[in-house]
Amino acid sequence: QVVGQDGYHVSRVVRVLEVAPGEKAFSSRFYMRTSEPSRLRELEMFMPGVWYRHNQGVVPPSAIAADPDERHVLVREDRLPLPLIMARNASGNGRFAFLLHASPNGSSFLGEDGPARVIDARMQFGSIGAINDGHVSLAFQFPGSEGERTYVGGNEGYPP
């Protein structure tokens, strides 16, 4: 659905029609990808409470979004004050894009806070962030999981 001149409202419905032997879960991802090759270090990023521009000198080296060369910077939306990511072209042409989960549901339960994989319908949060693979993509993923770095289960900023 088009919202205004330059915006879109996207909703998704996932139906599992068949389960292959050995399958226990699924995930889905929506993303908007830059049309031309780009890298995170070429963009100014914003994610409330996590990411401001390049995070240089702002966060410790082990923090989420500390390294602009990471392939996946995904953050559980229940960790964010607002599930939003924005990218702005740092060259000064003023172009920007943002992705917002307008109706988040942070439902979870005690016991899903460790590094072990948990599959449980009570986990209703997603993840939002960026994929850095030669073209930068702003992404939303469900169910929520984090990229190369996470603070879940004592893995404070893992890997160092």
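Just so you know, we're using our numbering here: the sequence shown kicks off at 21 and counts up by one. We put the CB at the ideal spot given by N, CA and C, even for glycine. Treat the numbers as computed from the prediction; the structure is a model and nothing was measured.
Query raised in the report: Just the Cα atoms here: how many angstroms apart are Val-78 and Gly-42?
Result: Locating residue 78 in the sequence shown gives position 58, counting from the first residue. Locating residue 42 in the sequence shown gives position 22, counting from the first residue. Computed Cα separation, rounded: 44 Å.
Report task. Locate the beta strand (DSSP E) running through Leu-120, then write down its first and last residues. Result -> One-based indexing of the sequence shown puts residue 120 at position 100. Here the beta strand (DSSP E) through Leu-120 covers 116–120.
**Report entry** Spatial distance of Phe-66 from Pro-103 (CA atoms)
**Finding:** Here residue 66 corresponds to residue number 46 of the sequence shown, with the count starting at 1. Here residue 103 corresponds to residue number 83 of the sequence shown, with the count starting at 1. So the two alpha carbons sit approximately 11 Å from each other.
Query raised in the report: Taking the alpha carbon of Val-70 as the point to measure from, which residue in Gln-144, Ser-58, Asp-87 has its own alpha carbon closest?
Result: For the purposes of this step, residue 70 is taken as the residue at position 50 of the sequence shown. Comparing Cα positions, the closest option is Asp-87.
Query raised in the report: When the distance is taken between beta carbons, is Phe-116 closer than 8 Å to Ser-127?
Result: Translated into the one-based positions of the sequence shown, residue 127 becomes position 107. Translated into the one-based positions of the sequence shown, residue 116 becomes position 96. No, the Cβ-Cβ distance between Ser-127 and Phe-116 is not below 8 Å.
Report task. Please go through the segment 76–121 and give each complete beta strand (DSSP E) segment of 3 or more residues, from N-terminal end onward. Result -> 92–96, 104–109, 116–120
Requested in this report: Can you have a look at Asn-125 and say buried or exposed, based on whether 16 or more other CB atoms are within 10 angstroms of its CB?
Outcome: For the purposes of this step, residue 125 is taken as residue 105 along the sequence shown, with counting starting at 1. Classification for Asn-125: exposed.
Query raised in the report: For the beta strand (DSSP E) that contains Ile-151, what are its first and last residues?
Result: For the purposes of this step, residue 151 is identified with residue 131 of the sequence shown, where counting begins at 1. Here the beta strand (DSSP E) through Ile-151 covers 147–152.
**Report entry** Local Cβ density within 10 Å of Asn-113, reported as buried at 16 or more and exposed below that
**Finding:** Numbered from its first residue, the sequence shown carries residue 113 at position 93. Exposed, since its Cβ has fewer than 16 Cβ neighbours within 10 Å.
Report task. Between the Cα of Glu-6 and those of His-92, Glu-166, His-155, spot the shortest distance and give me the residue it belongs to. Result -> Summary: the structure shown does not reach residue 6, with the chain confined to residues 21 through 180, and so no result is reported for it.
Query raised in the report: Between Ala-122 and the rest of its own chain, which residues show a CB-CB distance below 6 Å, the 5 nearest in sequence each way excluded?
Result: Here residue 122 is taken as the residue at index 102 of the sequence shown, counted from 1. Closer than 6 Å at the Cβ level, and outside the excluded window around Ala-122, lies no residue.
**Report entry** One or two residues paired with Phe-162 in a DSSP bridge
**Finding:** Reading the sequence shown from its first residue, position 142 is the one you call residue 162. Paired residue(s): Ser-48.
Query raised in the report: Exposed or buried, Ser-157, counting other C-beta atoms within 10 Å across all chains shown (16 or more means buried)?
Result: Taking the first residue of the sequence shown as position 1, residue 157 is located at position 137. With 16 or more Cβ atoms within 10 Å of its Cβ, Ser-157 is classed as buried.
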